Amino acid sequence: MAVLRQYLTYQGIPVWRHALIIQWAAQIASAILVVALVMWFFGNMAFAIDDREIPFGFSFLSREYQTPIGEHILPYESSDTFLYALVVAATNTVVVAVAGVILATLLGIFIGVCRLSPNWIVARLATVYIEFFRNVPLLVQLFFWFYIILALPTVREGYVIADLFYVNNAGISFPSPTASGAAPALVWLALAVVAVVAGVIVHHRLVRREEETGRQSYPFVVGCATTVGVAAVGWLVLSGIFGEAPFAVSTPAPQGRFGRIDGGVTIRAGMLVMLIGLVIYTASFIAEIVRAGIQSVGRGQTEAARALGLSPMNTLRQVTFPQALRVIIPPWISQCLNLTKNSSLGGVVGYTDLTNVAITMTQTAPAINIFLMLMAAYLAMSLTWSLIGNLYNRHIRFTG
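Each residue of the sequence shown is one higher than the one before, counting from 62 in the working numbering.
As structure tokens, then:
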């Protein structure tokens, strides 16, 4: 009995009373239970599929989809395969998600800073914006913006601004750059990357000189000027070598008897509604995150910066906001995930996103397989946002 008790003790404590042993036992038991439940679920699903002879497999991905996709960024034909159609739809979702996150972040930072403005009117307007848009369901807002866009004039009678911008119920068209030739365009893009790297290097060196000498060197302005200067010189040199500019401006203009807009870039109504709805809705949450992050920085930091002679804007940019990022980044990542997942509502306003196309595919292909791929796609996008945010958060935690 004494020998048995010796084997049932750890660090002089009986195993049934040792906190570490109990924690490990609970975790192992939980893991076994989860694995058993997952195996049971998939086993039952496989049995039901086999028993009811439900089509299962991924061979359909190589078949022709034979269904048009109304709005697509990548080139697409109805004769393309199911797999390529999913790629086209996923690209639509990624474009809306990335553009939405960028615009919502910029708008959210602006509204969050306005929320803390000493100007009573500005602060109250920001508060009204936040309280209104974050408390109205996103689906309701999407329908609201959808009917606003639908109420615009038709393509023939739409608004024309300076013969460059066309606004109608089909979307918004505006000028865009178009490559004059493959060679000059690619070479200039490579030079543009070099220009950006040069600007970043100049910025870092001027920031270091400011820290060492205390002399104001305007690193951001000089860095941007360096980037623009190098890119402009490359543009002029390539224009002289190839006899034409690397890029030309494509201007939209009505064509044909129906006044269809050709040239430039057109953001169609579905994408426009999704961007407006997602950006305005998500920005209301990001604004509160920014406000809380700024207020988490000690008041003494701001007072010390002002005592050193920094203006309110420089204090916010160089002292308060960099420290607030440690608080802002984690909940901001959650809002990026929410915006990406909320983009699955595109079908209700006529935007052909990944979910909309996947639902259409279930009419001619196995639904279970399609939705497994759909869940995997959204999981991959969400994990990508988490990875980007966590890497940046780790960077500012140790070097900020």
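Where is the CB? At the ideal position from N, CA and C, for every residue including glycine. All figures in this text were calculated on a predicted structure; none of them were measured in a lab.
Where residue i sits in the DSSP three-state scheme
| i | result |
| --- | --- |
| GLU125 | strand |
| GLY461 | Low confidence applies to GLY461: its pLDDT is 45, below 50, so where it sits in the model is not reliable enough to give any reading. |
| GLN424 | coil |
| SER311 | strand |
| PRO238 | strand |
| VAL221 | strand |
| TYR279 | coil |
| HIS133 | coil |
| TYR412 | coil |
| LEU81 | helix |
| SER139 | coil |
| VAL291 | helix |
| GLY304 | coil |
| VAL201 | helix |
| ARG455 | helix |
Per-residue burial, residue i [other beta carbons within 10 Å of its own, 16 or more giving buried]
| i | result |
| --- | --- |
| ILE170 | buried |
| ASP224 | exposed |
| ALA264 | The displayed chain sequence assigns His, not Ala, to residue 264. So HIS264 counts as buried. |
| MET335 | buried |
| TRP393 | buried |
| ILE93 | exposed |
| GLU273 | exposed |
| TRP181 | exposed |
| THR288 | buried |
| ILE222 | exposed |
| SER404 | buried |
| PRO138 | Rather than Pro, the amino acid found at residue 138 in this sequence is Glu. Exposed, since its Cβ has fewer than 16 Cβ neighbours within 10 Å. |
| ASN153 | buried |
| SER357 | exposed |
| PHE103 | exposed |
| VAL99 | exposed |
| ASN451 | exposed |
| TYR279 | exposed |
| VAL261 | exposed |
| ARG352 | buried |
| ASP414 | buried |
| TRP101 | exposed |
| ARG176 | buried |
| ASN105 | exposed |
| THR460 | Residue placement at THR460 cannot be trusted, given a pLDDT of 49 that sits under 50; what the coordinates show is reported in the next sentence. Per the 10 Å Cβ criterion, exposed. |
| TRP249 | buried |
| TYR220 | exposed |
Enclosing beta strand (DSSP E) for residue i [first to last residue]
| i | result |
| --- | --- |
| ILE328 | 326-329 |
| ARG321 | 321-323 |
Extent of the continuous alpha helix (DSSP H) run through residue i
| i | result |
| --- | --- |
| THR274 | 243-274 |
| VAL149 | 143-176 |
| THR188 | 181-194 |
| PHE119 | Unbroken run through PHE119: none, as it is neither H nor E. |
| LEU213 | Segment: none, LEU213 is in no alpha helix (DSSP H) and carries neither H nor E. |
Residues bridged to residue i [DSSP beta-bridge criterion]
| i | result |
| --- | --- |
| ASN229 | GLY232 |
| GLN316 | ARG321 |
Along the chain, which unbroken stretches of the alpha helix (DSSP H) at least 4 residues long are found entirely within the segment 345-399?
360-368, 373-376
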